[in-house]
Amino acid sequence: MNKWFFIIILAFLFLACKKQTEKKLIGTWHYYYLTASDTGITQLWTFNNPDQVIRVIYRFDSLFYDTGSWVIDKEFLEPTFITFKGLDSIYDGKYQILKLNKEFLFLQRSQLPNGSSNGAFLRLEFAREQ
21 MNKWFFIIIL
31 AFLFLACKKQ
41 TEKKLIGTWH
51 YYYLTASDTG
61 ITQLWTFNNP
71 DQVIRVIYRF
81 DSLFYDTGSW
91 VIDKEFLEPT
101 FITFKGLDSI
111 YDGKYQILKL
121 NKEFLFLQRS
131 QLPNGSSNGA
141 FLRLEFAREQ
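In our numbering, the protein residues as written are 21 to 150.
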């Protein structure tokens with residue numbers, strides 16, 4: 021009896037942690053470019069339910085947007101990952117969530133869409149839009 025109760029409690033905690041990550045992610049995030057050549061460009065990512073991401077880029081006199089999907093991958097006692105699909109090939113792939121709180125989101129890509137980790141490194145840093 022105690023063994024089954026313990027397993028049920030662990031499963032509940034695992035699912036609750038995944039849902040909590042998804043709830044924290046919902047909203048609009050301002051992407052900060054990490055290279056000097058991208059100054060003057062504003063990029064906003066909006067995470068919606070059900071698992072849709074909308075990326076809007078404002079350049080000096082133009083507007084670009086695209087949509088894709090995201091899914092959270094949370095294994096018990098493992099880091100939390102998010103996978104993007106449907107965005108342009110620059111951003112698609114599997115990312116480890118390094119930091120996620122009310123203000124900041126830091127992601128680091130560990131896997132390309134084809135499953136390869138060679139050349140996959142990409143760091144994305146966001147601040148929540150007010």
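Positions of the beta carbon are idealized from the N, C-alpha and C atoms, including for glycine.
In this text the structure is predicted, and so the values were computed from the model without any measurement.
Opposing strand residues paired with residue i [DSSP bridges]
| i | result |
| --- | --- |
| Leu64 | His50 and Val76 |
| Gly88 | Val73 |
| Ile102 | Ile92 and Tyr115 |
| Ser82 | Arg79 |
| Gln128 | Gln116 and Arg143 |
Cutoff 7 Å; reference residue i; Cβ partners in own chain excluding five residues on either side
| i | result |
| --- | --- |
| Ser137 | Ser130 and Gln131 |
Proximity of residue i and residue j at Cβ, strictly below 9 Å
| i | j | result |
| --- | --- | --- |
| Thr66 | Trp49 | yes |
| Leu127 | Ile117 | yes |
Chain-order list of residues whose beta-carbon lies under 8 Å from that of residue i (same chain, five-residue window excluded)
| i | result |
| --- | --- |
| Thr59 | Tyr53 |
Own chain residues within Cβ distance below 6 Å of residue i, not counting five before or after
| i | result |
| --- | --- |
| Pro133 | Asp112 and Gly113 |
| Phe141 | none |
| Leu125 | Trp49 and Phe146 |
| Leu120 | Lys44 |
Of the listed residues the options, nearest to residue i (C-alpha basis)
| i | options | result |
| --- | --- | --- |
| Glu145 | Glu123, Gly139 and Gly135 | Glu123 |
| Gln150 | Leu64, Gly135 and Asp86 | Leu64 |
| Ile92 | Phe84, Tyr85 and Ile102 | Ile102 |
| Asn69 | Gly135, Lys44, Leu118 and Asp81 | Lys44 |
| Ser109 | Gly139, Glu98, Tyr78 and Gly47 | Gly139 |
| Phe104 | Gly135, Thr55, Ser82 and Leu83 | Gly135 |
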